[in-house]
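Visitor:
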Amino acid sequence: MVMTSPLKAEKRTTLGKGKSRALRREGKTPAIIYGDAKNPIAIAIDTRSINNELRKPGFLTRLYDLQLEEETVRVLPQDVAVHPVNDNAEHIDFLRVNENTKVTIEIPVSFINEENSPGIKRGGILNVTRYSIEVICPVANIPEKFDFDLTNLEIGDSIHFSNTQIDESVTPTITDRDFTIASIVAPSILTVDESETEETEGEEEDSEVETEETAEDQKEEKAEDKKEDS
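One point on numbering: in the numbering used here, the residue at position 76 of the sequence shown is 534, and numbering is uninterrupted.
1) Excluding the 5 residues preceding and the 5 following isoleucine 503 in the sequence, name in chain order all residues of the same chain whose CB lies nearer than 6 Å to its CB.
2) Consult DSSP for leucine 521 and reduce its assignment to one of helix, strand or coil.
3) Using beta-carbon positions only, say whether valine 643 and asparagine 585 come within less than 7 Å of one another.
4) With DSSP run on the structure shown, which of helix, strand or coil describes isoleucine 632?
5) At what residues does the beta strand (DSSP E) containing leucine 584 begin and finish?
6) In angstroms, rounded to a whole number, what distance separates the CA positions of alanine 480 and arginine 506?
7) With H, G and I counted as helix, E and B as strand and the rest as coil, what does DSSP make of lysine 469?
8) Helix, strand or coil, according to DSSP, for glycine 577 in the structure here?
9) Could you tell me the distance, in whole angstroms, from the CA atom of glycine 474 to the CA atom of alanine 500?
10) Would you call the segment 587 to 604 and the segment 621 to 631 in contact, with 3 or more CB pairs under 8 Å?
11) Buried or exposed for threonine 519, going by 16 or more other Cβ atoms inside 10 Å?
12) Just to confirm my understanding: we take asparagine 571, look at its own chain, exclude 5 residues before and 5 after, and list those with CB closer than 7 Å. What are they?
13) Does the beta-carbon of valine 567 have 16 or more other beta-carbons within 10 angstroms, so that it is buried, or is it exposed?
14) What's the C-alpha gap between lysine 603 and asparagine 621?
15) Between Asp615, Lys469, Thr462, Asp634, which has its C-alpha nearest glutamate 528's C-alpha?
16) Rank Glu548, Val538, Asp523, Pro542 by C-alpha distance to the C-alpha of arginine 482 and give the top, closest one.
17) How many Å lie between valine 531 and glycine 614 at the Cα?
18) Here's a check: name, in chain order, each residue in its chain whose Cβ is nearer than 6 Å to the Cβ of valine 555, leaving out the five neighbours to either side.
19) Rounding to the nearest angstrom, what Cα-Cα distance links isoleucine 508 and glutamate 557 in this structure?
20) Assign proline 542 to one of three DSSP states: helix, strand, or coil.
21) How close, in whole Å, do the beta carbons of isoleucine 591 and isoleucine 617 come, if the pair is a contact with beta carbons under 8 Å?
22) According to DSSP, what are the bridge partners of lysine 560?
Right under this line is the structure:
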């Protein structure tokens, strides 16, 4: 059974930036439903309700049943515009879906049993390469997350996509290799990398100072020459 969350919405009959601003002042968030070879529907959702949903993990991977006046539309959030100051939802795009819809979607990764990793116990650091994985899957089988078990992993060990359990209907968009998700590295490796970065930045700053000093010296020499000529 597909898990969905209900959400009340109302249709919008007037469009435009001015109307959208007026909606936000009323405590409503403008949104649009599109896809499934049907005409788009402009809607408005209570801002407090949608903000509560946004603050829950996995908003962009959760199916919703939008309850309009005369119908219920099943959707998947596709894009969210958020106010830069108050973090309120400013606008949302919803994709209309059905039981046969397949989507390309980013699924977050999660690491479990960190306390059972000998490498981490000895001071190793989990160096994450990918925080999410793009997959193609039916909307009925969207994973909440991909779990990767760190049990028995030593310093120098890597974690690959094949180390997680997935439904056969879920396919990663990268199919030509078993790509790396994370690795356990010695603390000294990260320290060396950071030191090299700081040294490089210091050399660049010294070079800039030398360039500026050379330019100033040249200006002073020219000024001296002009004085002597006059």
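The beta-carbon is built from N, C-alpha and C at its ideal position, and this holds for glycine as well.
Guide: To lay it out plainly:
1) On the sequence shown, residue 503 is found 45 positions in, with the first residue counted as 1. Result list for isoleucine 503: Ala467, Thr487, Ala489, in chain order.
2) Position 63 of the sequence shown, counted from the start, is the residue given in the question as residue 521. Reduced to three states, the DSSP call for leucine 521 is strand.
3) Position 185 of the sequence shown, counted from the start, is the residue given in the question as residue 643. Position 127 of the sequence shown, counted from the start, is the residue given in the question as residue 585. In this structure, asparagine 585 lies closer than 7 Å to valine 643 by Cβ.
4) Taking the sequence shown and counting its residues from 1, the one referred to as residue 632 is at position 174. Reduced to three states, the DSSP call for isoleucine 632 is coil.
5) Here residue 584 refers to the residue found at position 126 of the sequence shown. Start and end: 583 to 586.
6) As a working note, residue 480 is residue 22 in the sequence shown. As a working note, residue 506 is residue 48 in the sequence shown. If I take the Cα positions, the gap works out to 16 Å.
7) Counted from its first residue, the sequence shown places residue 469 at position 11. In the structure shown, lysine 469 sits in a strand (DSSP, three-state: E or B).
8) In the sequence shown, residue 577 corresponds to position 119, counting from 1. Residue state, collapsed to three classes: helix.
9) As a working mapping, residue 474 is identified with position 16 in the sequence shown. As a working mapping, residue 500 is identified with position 42 in the sequence shown. The alpha-carbon atoms of glycine 474 and alanine 500 are separated by roughly 11 Å.
10) yes
11) The residue labelled residue 519 in the question sits at position 61 within the sequence shown. So threonine 519 counts as buried.
12) On the sequence shown, residue 571 is found 113 positions in, with the first residue counted as 1. For asparagine 571, where only same-chain residues beyond five positions count, the Cβ hits under 7 Å are Asp607, Leu608, Thr609.
13) Mapped onto the sequence shown, residue 567 falls at position 109. By the 10 Å Cβ count, valine 567 comes out buried.
14) Numbered from 1 along the sequence shown, position 145 holds the residue referred to as residue 603. Numbered from 1 along the sequence shown, position 163 holds the residue referred to as residue 621. Their backbone Cα atoms lie some 14 Å apart in a straight line.
15) In the sequence shown, counting from the first residue as 1, residue 528 sits at position 70. Checked all of Asp615, Lys469, Thr462, Asp634; the closest Cα to glutamate 528 is Lys469.
16) For the purposes of this step, residue 482 is identified with residue 24 of the sequence shown, where counting begins at 1. Cα-wise, what sits closest to arginine 482 is Glu548.
17) For the purposes of this step, residue 531 is taken as the residue at position 73 of the sequence shown. For the purposes of this step, residue 614 is taken as the residue at position 156 of the sequence shown. Computed Cα separation, rounded: 49 Å.
18) Numbered from 1 along the sequence shown, position 97 holds the residue referred to as residue 555. Excluding sequence neighbours, valine 555 sits near Arg532, Leu534, Val597.
19) Working through the sequence shown from its first residue, we reach residue 508 at position 50. Working through the sequence shown from its first residue, we reach residue 557 at position 99. Each residue's alpha carbon lies about 24 Å from the other.
20) For this step, residue 542 is matched to residue 84 along the sequence shown. Three-state result, proline 542: coil.
21) Along the sequence shown, read from residue 1 onward, the residue named residue 591 stands at position 133. Along the sequence shown, read from residue 1 onward, the residue named residue 617 stands at position 159. So it is not a contact: roughly 12 Å between Cβ atoms.
22) If you number the sequence shown from 1, residue 560 lands on position 102. DSSP lists Pro596 as partners of lysine 560.
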